[in-house]
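In short: position in the sequence shown from 1, add 306, done, that's the working numbering. The beta-carbon is built from N, C-alpha and C at its ideal position, and this holds for glycine as well. Since the structure is predicted, the reported quantities are computational estimates derived from the model, not experimental observations. Structure record follows, encoded as structure tokens.
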Amino acid sequence: SEHRELLGSDGARAAVPVYRLESLTPGATAAGPALIEEAYFTGRVDDGWRFRISANGDVVLERT
């Protein structure tokens with residue numbers, strides 16, 4: 307539900323969704339561009355990648 311503006315390598319700005327890691331359940335998935343955040347971690351998921359949350363609660367990045 308939250309969005310943040312990121313600056314791309316081409317100088318363009320884009321609003322991307324922000325996912326709170328503690329709110330994601332196993333099986334959750336989303337495509338980049340996006341951010342994944344928690345109290346001590348911020349991960350950027352670039353365009354052409356997606357993430358999913360494993361049964362162990364790990365963030366798994368996959369190229370699409």
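Cα-Cα separation between residue i and residue j, rounded to whole angstroms
{"i": "Trp355", "j": "Pro339", "result": "8 angstroms"}
{"i": "Val366", "j": "Ile359", "result": "6 angstroms"}
{"i": "Ala361", "j": "Asp316", "result": "36 angstroms"}
{"i": "Leu330", "j": "His309", "result": "16 angstroms"}
{"i": "Asp353", "j": "Val322", "result": "10 angstroms"}
{"i": "Val369", "j": "Arg319", "result": "Contrary to the premise, residue 369 reads as Arg rather than Val in this sequence. Each residue's alpha carbon lies about 22 angstroms from the other."}
Environment of residue i [buried if 16+ CB atoms lie within 10 Å]
{"i": "Phe347", "result": "exposed"}
Any non-hydrogen atom of the ligand FMN within 8 angstroms of residue i CB
{"i": "Gly314", "result": "Ligands are entirely absent from the displayed structure, and the ligand FMN is therefore not among its contents."}
Integer-rounded CB distance, given that residue j should sit under 8 angstroms from residue i
{"i": "Val324", "j": "Leu313", "result": "About 15 angstroms separates the two Cβ atoms, so there is no contact after all."}
Beta-carbon proximity check, residue i vs residue j, cutoff 9 angstroms
{"i": "Arg326", "j": "Glu344", "result": "yes"}
{"i": "Val351", "j": "Ala337", "result": "yes"}
{"i": "Asp363", "j": "Phe357", "result": "Going by the sequence as given, residue 363 is Gly instead of Asp. Against a cut-off of 9 angstroms, the Cβ pair of Phe357 and Gly363 comes out as no contact."}
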